[in-house]
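For the sequence shown, position 66 matches number 99 in the working numbering, and the numbering has no gaps at all. Taking it in order: structure first as structure tokens, then the write-up.
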Amino acid sequence: MSIVIISDREPKAWTAALAESNPEIKVEVYLEVENKEEVEYALVWNHPEGVFEEFPNIKVIASMGAGVDHILRDPKLPKNAKITRIVDEQLAKDMAEFVLALVMNKLRNLNLHKQLEQQKEWKPKSYQRIPETKIGIMGMGELGTTVGKKLVDNNFEVIGWAGSKKELQDIKVYAGREELDEFLSKSDILVCLLPLTPQTENILNKELFQKLPKGAYLINVARGKHLVEEDLLEMLDSEQLTGAALDVFRTEPLPQEHPFWKHEKVQVTPHIASVTKPSSVVSQVLENYRHMKNDEPLKNVVDKEKGY
Ligand code: OXD
Numbered sequence: 034m035s036i037v038i039i040s041d042r043e044p045k046a047w048t049a050a051l052a053e054s055n056p057e058i059k060v061e062v063y064l065e066v067e068n069k070e071e072v073e074y075a076l077v078w079n080h081p082e083g084v085f086e087e088f089p090n091i092k093v094i095a096s097m098g099a100g101v102d103h104i105l106r107d108p109k110l111p112k113n114a115k116i117t118r119i120v121d122e123q124l125a126k127d128m129a130e131f132v133l134a135l136v137m138n139k140l141r142n143l144n145l146h147k148q149l150e151q152q153k154e155w156k157p158k159s160y161q162r163i164p165e166t167k168i169g170i171m172g173m174g175e176l177g178t179t180v181g182k183k184l185v186d187n188n189f190e191v192i193g194w195a196g197s198k199k200e201l202q203d204i205k206v207y208a209g210r211e212e213l214d215e216f217l218s219k220s221d222i223l224v225c226l227l228p229l230t231p232q233t234e235n236i237l238n239k240e241l242f243q244k245l246p247k248g249a250y251l252i253n254v255a256r257g258k259h260l261v262e263e264d265l266l267e268m269l270d271s272e273q274l275t276g277a278a279l280d281v282f283r284t285e286p287l288p289q290e291h292p293f294w295k296h297e298k299v300q301v302t303p304h305i306a307s308v309t310k311p312s313s314v315v316s317q318v319l320e321n322y323r324h325m326k327n328d329e330p331l332k333n334v335v336d337k338e339k340g341y
């Protein structure tokens, strides 16, 4: 029995963390796999489509991160394999700190002042204050909830939107399409933390942006495919939106010729909002590996229908 890593991310930190935690388990990195029939557990990020057809005995496909859209996009997934994802407190904390930093950056116009600094222009700009800013978070799973709490702790008024009803202290959560418009009309800063599913793909579009208060700001730290990029550009031009901070893109790395790179109202970061630290999550990976071997229920199993 062995674990295979199939990933377009550098696997070294993973192999090292797995070996340190349990040197007895055989870990191989695709393409260098001795005996594919022996592999029952795969740890993956952006695997090549159809690759699991080479592994006839695969039982578990474990995402190296919180998202599983990169797995579920493959139409040739083995039907009986379970899919799991990472749920990690540190991952959620990293995300919360990043979103808070982006929000403060927007409120205090730091990007704008950087641009003015480069032109040696002394132009004090009036700024927005925390009590004047309502933040709407789309997606109230582990990440969305942790981000919301962090913002509440920093005195922001926060509202959330989720697929189904959810009771949270200090955060009113709107649910379903029926309550989306009301949620949007109150969100000065919109943070997208939705899972990527066929229902949420392209959800950040012109129609949605037009329902936000005039001059709203977008933060997308979920997936590039949530956003219709041309619609965002149009909304920035029309000043319906004052700006956007984007950490994820339809194509990553963001192509050199892409208009977002040089857009003065768009802040681009290279998918770094919260990156899984192998040493912090390897214990849950190995725990599930043990559960699989003992035929016990796995943790953090993904509902393939729902897509998260
Ligand atoms: C994740 C990510 O889903 O890195 O973990 O985006």
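A virtual CB, placed ideally from N, CA and C, is assigned to each residue, including glycine.
Tell me whether residue i sits in a helix, a strand or coil according to DSSP, three-state version.
i, result
"isoleucine 252", "strand"
"serine 313", "helix"
"methionine 268", "helix"
"isoleucine 305", "coil"
"lysine 167", "strand"
"glycine 172", "coil"
"glycine 257", "helix"
"glutamine 161", "coil"
"valine 101", "coil"
"valine 318", "helix"
"glutamine 148", "helix"
"leucine 143", "helix"
"leucine 279", "strand"
"leucine 241", "helix"
So, for residue i: in the same chain, excluding its five sequence neighbours on each side, which residues have a beta-carbon less than 8 Å away from its beta-carbon?
i, result
"leucine 287", "Phe293, Trp294, Val301, Pro303"
"asparagine 187", "Leu133, Ile163"
"tyrosine 12", "In the structure as shown, the chain begins at 34 and stops at 341. Residue 12 is therefore absent and cannot be evaluated."
"proline 246", "Ser218, Lys219, Ser220, Asp221"
"glutamate 272", "Lys247, Gly248"
"glutamate 150", "none"
"phenylalanine 242", "Ala249, Leu251, Asp264, Leu265, Met268, Gln273, Leu274"
"asparagine 113", "Lys92"
Please tell me whether, using a cut-off of 7 Å, the distance from the CB of residue i to the nearest non-hydrogen atom of ligand 1 is below it.
i, result
"valine 308", "yes"
"alanine 99", "yes"
Below 6 Å CB to CB, which residues in the same chain sit around residue i once its five sequence neighbours on both sides are set aside?
i, result
"lysine 59", "Ser35"
"histidine 80", "Ile39"
"glycine 172", "Leu226, Leu227"
"valine 185", "Val191, Asp203"
"alanine 50", "Pro311, Ser312, Val315"
"phenylalanine 282", "Gly257"
"glycine 83", "Lys109"
"asparagine 333", "Thr117, Arg118, Val120"
"valine 62", "Ile38, Pro44"
If I'm right that residue i touches residue j with Cβ under 8 Å, what's the distance once you round it to whole angstroms?
i, j, result
"leucine 76", "alanine 95", "5 Å"
"alanine 249", "aspartate 221", "6 Å"
"leucine 260", "leucine 274", "Between leucine 274 and leucine 260 the Cβ distance is about 12 Å, and since that is not below 8 Å, they are no contact."
"lysine 205", "leucine 229", "Contact doesn't hold; Cβ gap of about 25 Å is too wide."
"leucine 176", "alanine 277", "No, leucine 176 and alanine 277 are not in contact; Cβ-Cβ is about 19 Å, not under 8 Å."
"methionine 128", "alanine 306", "6 Å"
"glutamate 73", "asparagine 90", "6 Å"
"threonine 117", "asparagine 327", "Wrong, their Cβ atoms sit about 15 Å apart, outside the cutoff."
"leucine 319", "asparagine 68", "The Cβ separation is near 21 Å, so there is no contact."
"lysine 158", "leucine 145", "6 Å"
"isoleucine 168", "phenylalanine 189", "5 Å"
"tyrosine 160", "leucine 135", "Between leucine 135 and tyrosine 160 the Cβ distance is about 15 Å, and since that is not below 8 Å, they are no contact."
"valine 335", "valine 101", "5 Å"
Starting from the C-beta of residue i, find all residues in its chain whose C-beta is less than 7 Å away, skip the five residues before and the five after it, and write them out in chain order.
i, result
"alanine 125", "Glu175, Leu176, Thr179"
"asparagine 238", "Val261, Asp264"
"threonine 166", "Leu140, Phe189, Asp221, Ile222"
"glutamate 70", "Pro89, Asn90"
task: Return the chain-ordered ranges of every alpha helix (DSSP H) run that is complete within the region 37 to 98 and spans a minimum of 4 residues.
output: List check, alpha helix (DSSP H) in window: 45 to 54.
message: At 4 residues or longer, what runs of the alpha helix (DSSP H) sit wholly inside the region 174 to 239?
response: Every alpha helix (DSSP H) of 4 residues or more that sits fully in the region 174 to 239 is shown, in chain order, as 175 to 186, 213 to 218.
Whole beta strand (DSSP E) elements within the region 108 to 136, 3-residue minimum: Complete beta strand (DSSP E) runs here, min 3: 115 to 117.
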